[in-house]
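Colleague: Start counting the sequence shown at 72; every next residue gets the next number (our numbering). Built from N, CA and C at the ideal position, the CB exists for glycine as well. One structure, pasted below without further comment.
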Amino acid sequence: MGPGMPVNPAAAMFVNAMGQVPGAGRKSSVLPILGVVLVVLLVGAGSVAFAFLKGSLFQPKGTANAKDFGIDPARATPEAILTAATKLAKGWRSDAQFRALSVNGLRVDGTVDLTSGNAQVEFFSPSRVAAFTEKGRQDSVKKFAFNSERIVFKDRWDVKKKPWKFVQATPTPSCPSSELGKVLKAAGAKADAKGILAVHPRYGATYKVNMGPLNKWYSLTDCKELFSAGSGSADDDE
């Protein structure tokens with residue numbers, strides 16, 4: 072359009088009203104929005120990544136996050152505790168075998184509140200506990216302690232005095248703790264009662280339960296009562 076030529080009135084009005092010609096500035100208005108969205112996505116992804124790293128990579132050595140194994144600290148079951156310990160034990164020694172379980176604070180519904188109670192699972196390496204030399208028997212037993220936040224297994228346990236002979240794995244419980252709880256209720260355990268549950272070679276293939284006046288042994292397979300001892304303790308031994 073040459074000098075002095077008339078300007079299209081409609082175009083002039085549109086430019087004056089919008090402050091720009093059609094399409095001009097569209098890129099500048101979209102880019103800030105895209106930038107904000109990108110920042111939000113990056114911050115969100117960073118938060119997720121940090122939570123993962125904090126829960127996994129930043130765990131103190133010799134510990135694990137109980138929640139990573141699906142354990143609810145307020146309502147943990149002996150089955151979930153044993154499953155988690157088994158996975159960790161297989162990472163410790165490929166030939167790891169179950170030896171003992173103890174739960175302090177077992178409730179009549181078959182759960183334990185790990186914020187007030189605790190649990191421990193013990194495994195052993197058959198090849199190492201039977202080694203001829205004391206050095207060969209180092210780090211031959213592993214204990215996994217469960218609390219409200221972590222599974223702790225940093226300590227090393229050795230068999231020092233002499234090799235273990237003819238040692239066999241303790242049978243793994245197959246009767247669920249919820250079923251055991253029903254049996255305990257039927258035996259007279261109060262609704263708010265808490266007790267100690269133990270599975271150990273010295274007790275054979277049994278649950279040993281000490282809950283209030285109850286001091287009984289139950290089958291690991293069907294939770295049937297096997298016999299009673301009147302009173303005593305189900306504390307684990309070494």
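Note down the Cα distance separating K233 from E220, rounded to an integer number of angstroms.
Modeller: So the alpha carbons of these two residues sit roughly 36 angstroms apart.
Colleague: Quick one: what does DSSP say T277 is sitting in, helix, strand or coil?
Modeller: Strand at T277.
Colleague: From the DSSP output, read off the bridge partner residues of V174.
Modeller: According to DSSP, V174 bridges with A190 and L268.
Colleague: Let me know the secondary structure DSSP gives W228 once reduced to three states.
Modeller: Of the three classes helix, strand and coil, the one that applies to W228 here is strand, per DSSP.
Colleague: Which one or two residues does DSSP pair with E296 in a beta bridge?
Modeller: DSSP lists Y289 as partners of E296.
Colleague: Please classify S299 as buried or exposed, where buried requires at least 16 neighbouring CB atoms within 10 angstroms.
Modeller: Exposed, since its Cβ has fewer than 16 Cβ neighbours within 10 Å.
Colleague: Considering only their Cβ atoms, is the gap separating V200 from V223 smaller than 8 angstroms?
Modeller: Not a contact, by the Cβ cut-off of 8 angstroms.
Colleague: Near K132, what residues of its chain come up, given a Cβ to Cβ distance below 8 angstroms and the 5 sequence neighbours on each side ignored?
Modeller: Once the five neighbours on either side are set aside, the close Cβ partners of K132 are K225.
Colleague: Can you list, in chain order, the residues of its chain with a C-beta nearer than 7 angstroms to that of A161? Leave out the 5 residues immediately preceding and following it.
Modeller: Position check: residue 161 holds Lys in this sequence, whereas Ala was assumed. Closer than 7 angstroms at Cβ, skipping near neighbours: A167.
Colleague: Is there contact between the region 165-185 and the region 264-274, where contact requires at least three CB pairs shorter than 8 angstroms?
Modeller: Touching, yes.
Colleague: Which residues does DSSP pair with V183 in a beta bridge?
Modeller: Answer is A147 and L177.
Colleague: If you follow the alpha helix (DSSP H) that R199 is part of, which residue opens it and which one closes it?
Modeller: Residues P197 to V200.
Colleague: DSSP has I142 in a bridge; who is on the other side?
Modeller: None, per the DSSP bridge assignment.
Colleague: What is the DSSP secondary structure of T134, reduced to helix, strand or coil?
Modeller: In the structure shown, T134 sits in a strand (DSSP, three-state: E or B).
Colleague: Can you tell me which of the three DSSP states A262 falls into?
Modeller: If DSSP states are grouped into helix, strand and coil, A262 belongs with coil.
Colleague: CB-CB under 6 angstroms to G283, same chain, minus the five flanking residues each way: which ones, in chain order?
Modeller: Around G283: A264.
Colleague: Which residues mark the beginning and the end of the beta strand (DSSP E) in which K256 is found?
Modeller: From DSSP, K256 is part of no beta strand (DSSP E) but of the alpha helix (DSSP H) over S248 to A257.
Colleague: Run the CB neighbour count on Q239, radius 10 Å, all protein chains shown included, and call it buried at 16 or more, exposed below.
Modeller: Exposed: under 16 other Cβ atoms inside 10 Å.
Colleague: Helix, strand or coil: which one does DSSP assign to S245?
Modeller: If DSSP states are grouped into helix, strand and coil, S245 belongs with coil.
Colleague: In or out: A82 buried (at least 16 other Cβ within 10 Å) or exposed?
Modeller: At A82 the pLDDT is 43, less than 50, meaning the model places this residue with poor confidence; the figure from the coordinates comes in the next sentence. Answer is exposed; the Cβ neighbour count stays below 16.
Colleague: How would you write the range of the beta strand (DSSP E) that V223 sits in, first residue to last?
Modeller: R221 to V223 is the span of the beta strand (DSSP E), which, as asked, contains V223.
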